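Chemist: If you read the sequence shown in my numbering, its first letter stands for residue 2, the second for the next number, and so on. Every residue gets a Cβ at the ideal spot worked out from N, C-alpha and C, and that includes glycine. Keep in mind the model is a prediction, meaning the values are calculated, not measured.
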Amino acid sequence: MKKVVKFGGSSLASAEQFKKVGEIIRQDSSRRYVVPSAPGKRFPNDIKVTDMLYDCYETAVSGEEFADKLEKIEERYQEIIDGLKLDFSLEKDFAVISENFKKGAGKDYAASRGEYLNGKVMAAYLGIPFVDAAEVVRFDEDGSFNDAVTDELLAGRLADLERAVIPGFYGAKEDGTVVTFSRGGSDITGSLVALAVHADLYENWTDVSGFLIADPRIVRNSKSIEIITYKELRELSYMGASVLHEDAIFPVRKVGIPINIRNTNAPEDKGTLIVESTCRKSKYTITGIAGTDGFAAITVEKAMMNSEIGFCRKVLQVFEENNVSIEHMPSGIDTMTIFVHKNEFEEKEQKILADITKAVNPDHIELESDLALIAIVGRGMKSTRGTAGRIFSALAHAHINVKMIDQGSSELNIIVGVRHEDFKNAIRALYEIFVLTQL
Ligand code: ADP
Ligand code: ASP
Ligand code: MG
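1) Using a threshold of 8 angstroms, state whether the C-beta atoms of K1 and L413 are closer than that.
2) Quick one: what does DSSP say G84 is sitting in, helix, strand or coil?
3) Give the range of the alpha helix (DSSP H) segment to which K21 is assigned.
4) Let me check you understand the geometry: is the CB of D188 closer than 7 angstroms to at least one non-hydrogen atom of ligand 3?
5) Among the candidates P259, L155 and E309, whose CA atom is the shortest distance from the CA of A165?
6) Does the beta-carbon distance from E204 to K4 come in below 8 angstroms?
7) Please state if the CB of V137 and the CB of R158 are separated by a distance shorter than 8 angstroms.
8) Taking all protein chains shown into account, decide if S238 is buried (16 or more other Cβ within 10 angstroms of its Cβ) or exposed.
9) Spatial neighbours of I357 within its chain, please: CB distance less than 8 angstroms, with the 5 preceding and 5 following residues excluded, ordered by chain position.
10) Run through the stretch 267 to 346 for me and flag every whole beta strand (DSSP E) of 3 or more residues, listed as ranges in chain order.
11) Given a threshold of 16 other Cβ atoms within 10 Å of its Cβ, counted over all protein chains shown, does E17 qualify as buried or as exposed?
12) Considering Cα atoms alone, identify which of G185, M123 and E100 is closest to F49.
13) Per DSSP, what kind of secondary structure is S370 in: helix, strand or coil?
14) Just checking, does the stretch 28 to 47 make contact with the stretch 95 to 105 on the three C-beta pairs under 8 angstroms criterion?
15) When burial is assigned at 16 or more other CB atoms within 10 Å of the CB, is S38 buried or exposed?
16) Give me, in chain order, the residues of the same chain whose beta-carbon lies closer than 8 angstroms to that of N101; leave out the 5 immediate sequence neighbours on both sides.
17) Going by the C-beta, is P217 closer than 7 angstroms to any heavy atom of ligand 1?
18) Check whether the Cβ of S38 lies closer than 7 angstroms to any heavy atom of ligand 2, and answer yes or no.
19) On the premise that A242 lies in contact with G289, defined as a C-beta separation below 8 angstroms, what is that separation, rounded to the nearest angstrom?
20) Taking 7 angstroms as the cut-off, is the beta-carbon of D371 closer than that to any non-hydrogen atom of ligand 1?
21) I think D294 touches A373, with their Cβ atoms under 8 angstroms apart; what is that distance to the nearest whole Å?
22) Which partner residues does E204 have in the DSSP bridge list?
23) Is it true that the CB of T265 sits closer than 8 angstroms to the CB of F35?
24) Could you give the uninterrupted runs of the alpha helix (DSSP H) lying entirely in the stretch 72 to 119, keeping only those of 4 residues or more?
25) Give me the Cβ distance between S11 and D208, rounded to the nearest whole Å; I'm assuming they're in contact under 8 angstroms.
26) Tell me, to the nearest whole angstrom, how far the beta carbon of A389 is from that of I406; I am working on the premise that it is less than 8 angstroms.
27) For F435 and I287, which I take to be in contact (beta-carbon distance under 8 angstroms), what is that distance rounded to the nearest angstrom?
Okay, here's the thing in structure tokens:
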């Protein structure tokens, strides 16, 4: 049995958290490859080391004095090193970082130091080898990730190592220029390592007991999902459930390595298992609920629109030409509605409206902003009647006006659009009807 374990920022924010992580790793000898994030928040208003690094580097490139800011970052690590009573120092590393900041080594280089340094601390704490991700995670000249070369480099390097620490979030181009994934990208590194070593399981340790049915910041004490398929997870992640980076799914999915989301602060909890497919039914009709705020809807109305060949294409082309991506598109007989991200649309609004008028000469165009979309996701919905009816009735009871409802053709999800001010209440009402009151 071979496991890759990735620990998120809050799991490594302090010496106390490091000790919990050490305990978890020592408890199971199959936990052989460790992927740490940078130290995250120790308390709600704390600042993640990654954000401190971005800020410090910005100060450096603007030519201002940045030594104080870098020292604050060094203190974060020193606190961990002291708390763990390690005979180990990052002094030389900080001197190198300071020099590189002066030379303008780049924003990605700066951010990556969070994981790099934490990886070194972790390796010293566990007494196992450190592998710099810059040597084994490869990006191409244009900055895009190269999965084939990465797999080769990682597999080659780790073949000789029984155990290792590989910091998350970054890699490098062939010439050594450091490149990071997008925020939360240590999840991706964990997945790449799992693929390269043919792990049996990829454990992703965070600060919640798995993927919860609803965002814990909206529904307090939300229950967690025991088992979820990659497809369901993707629908939820896309709609804003941000426990796991979206791109972390692809490498392990290819070879069928399950991901287990676990809680560093409650290691006895089983967490959530993410798998390709399962015949295990979820406890409830739905698997999860997720939503995102900040959409605008453009409704184009024209009598006999449905018989006008090419109508939809012409409207969609306007969005394409203005480089605005479309999120959803419910339609009626004489209307079509287009959901877009409000911030992408706003600055181009008048141009798009003028272009639509020119393209299809509609009877009426209506705009609505401040909308939220909520996805109700579940493999069980296919075989259950009345799910849409229950959604409507739950929202009606909560006095929420449904602006749109759209069922994906896979019958894996139903998406509803509501006003921004109803967003959180809608999620609570849906949680209540599907999880609390009915199984
Ligand atoms: P890490 O630093 O360990 O990578 P993240 O902050 O990236 O952790 O992800 C965990 C957080 O995701 C939780 O603390 C929680 O606030 C948030 N979250 C959002 N939606 C959900 C959900 N459906 N289930 C669990 N956590 C969620
Ligand atoms: N430290 C990085 C971030 O804050 C990457 C990660 O935590 O996964 O985004
Ligand atoms: Mg994360």
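Modeler: With the given structure in hand:
1) With the chain represented from 2 up to 440, any question about residue 1 goes unanswered, as that position is not in the structure.
2) Translated into the one-based positions of the sequence shown, residue 84 becomes position 83. G84 falls in the helix class under three-state DSSP.
3) The sequence position of residue 21 within the sequence shown is 20, counting from 1. That run of the alpha helix (DSSP H) goes A16 to Q28.
4) For the purposes of this step, residue 188 is taken as residue 187 along the sequence shown, with counting starting at 1. Yes, ligand 3 has a heavy atom inside 7 angstroms of this Cβ.
5) Here residue 165 is taken as the residue at index 164 of the sequence shown, counted from 1. Comparing C-alpha distances from A165 to each of P259, L155 and E309 shows the shortest one belongs to L155.
6) By 1-based counting over the sequence shown, the position of residue 204 is 203. By 1-based counting over the sequence shown, the position of residue 4 is 3. Cβ distance < 8 angstroms, so E204 and K4 count as in contact.
7) On the sequence shown, residue 158 is found 157 positions in, with the first residue counted as 1. On the sequence shown, residue 137 is found 136 positions in, with the first residue counted as 1. For R158 and V137, yes; Cβs fall inside 8 angstroms.
8) By 1-based counting over the sequence shown, the position of residue 238 is 237. Classification for S238: buried.
9) If you number the sequence shown from 1, residue 357 lands on position 356. I299, V301, V316, V319, P363 and I366.
10) 273 to 276, 289 to 302, 327 to 329 and 336 to 342
11) Position 16 of the sequence shown, counted from the start, is the residue given in the question as residue 17. In summary, E17 is exposed, with fewer than 16 beta-carbon neighbours lying within 10 Å of its beta-carbon over all protein chains present.
12) Taking the first residue of the sequence shown as position 1, residue 49 is located at position 48. In the sequence as presented, Phe is not what sits at residue 49; that position holds Lys. The option with the nearest alpha carbon to K49 is G185.
13) Here the question's residue 370 lines up with position 369 in the sequence shown. Three-state result, S370: strand.
14) no
15) For the purposes of this step, residue 38 is taken as residue 37 along the sequence shown, with counting starting at 1. That one is buried.
16) Along the sequence shown, read from residue 1 onward, the residue named residue 101 stands at position 100. For N101, where only same-chain residues beyond five positions count, the Cβ hits under 8 angstroms are Y110.
17) In the sequence shown, residue 217 corresponds to position 216, counting from 1. Yes, since a heavy atom of ligand 1 falls inside the 7 angstroms radius drawn around the Cβ of P217.
18) By one-based count along the sequence shown, residue 38 stands at place 37. Under cutoff, so the answer is yes.
19) Locating residue 289 in the sequence shown gives position 288, counting from the first residue. Locating residue 242 in the sequence shown gives position 241, counting from the first residue. With 8 angstroms as the limit, G289 and A242 qualify as a contact, their Cβ atoms being about 7 angstroms apart.
20) As a working mapping, residue 371 is identified with position 370 in the sequence shown. Every heavy atom of ligand 1 is 7 angstroms or more from the Cβ of D371, so no.
21) Working through the sequence shown from its first residue, we reach residue 294 at position 293. Working through the sequence shown from its first residue, we reach residue 373 at position 372. Right, their Cβ atoms sit about 4 angstroms apart.
22) For the purposes of this step, residue 204 is identified with residue 203 of the sequence shown, where counting begins at 1. E204 is bridged to V6 and N261.
23) Sequence index remark: in the sequence shown, residue 35 carries index 34 (1-based). Sequence index remark: in the sequence shown, residue 265 carries index 264 (1-based). A small correction: the amino acid at residue 35 is Val; Phe does not occupy that position in the sequence shown. Cβ atoms of V35 and T265: not closer than 8 angstroms.
24) 92 to 103
25) Translated into positions along the sequence shown, residue 11 becomes position 10. Translated into positions along the sequence shown, residue 208 becomes position 207. Their Cβ separation, rounded to whole angstroms, is 4 angstroms, which keeps S11 and D208 in contact under 8 angstroms.
26) Within the sequence shown, the letter at position 388 stands for residue 389. Within the sequence shown, the letter at position 405 stands for residue 406. Distance from A389 to I406 at the Cβ level is roughly 7 angstroms; contact confirmed, criterion being Cβ atoms closer than 8 angstroms.
27) By one-based count along the sequence shown, residue 435 stands at place 434. By one-based count along the sequence shown, residue 287 stands at place 286. Indeed, because the Cβ distance is near 5 angstroms, the residues count as touching under 8 angstroms.
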